[in-house]
Amino acid sequence: MAFAWKTANISYLQYSIVCARAVRNALKPELRAIAQRRDEQGLKFQKWQGGKAGELKAAQPGKAGAQ
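In our numbering, the protein residues as written are 230 to 296.
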């Protein structure tokens, strides 16, 4: 018997994303808000010049190539 995600012709990562979304949607509203906050991601970066780290900055969502 094949795995469900293989027969659906999707990757395991896509399958796990669908499952996580289904679980979050099944939660009560107050718990759903907490779970959705946990799902948010952020990105920070800093430029290195001359062997020294520059200022640590947060990337702006929606801006390609933010620096």
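Think of the CB as a built atom: it goes at the ideal place given N, C-alpha and C, for glycine as much as any other residue.
For residue i, the three-state DSSP class (helix, strand or coil)
{"i": "A282", "result": "strand"}
{"i": "A288", "result": "coil"}
Neighbour flag for residue i against chain D, beta carbons, 8 Å
{"i": "E284", "result": "Included in the structure is just one protein chain, with no chain D present."}
Proximity of residue i and residue j at Cβ, strictly below 8 Å
{"i": "Q275", "j": "A282", "result": "yes"}
{"i": "A287", "j": "K273", "result": "yes"}
{"i": "R253", "j": "R261", "result": "yes"}
Note to self: Could you tell me which whole alpha helix (DSSP H) segments of length 4 or greater appear in the stretch 237 to 285?
What the structure shows: Runs found: 241 to 255, 258 to 268.
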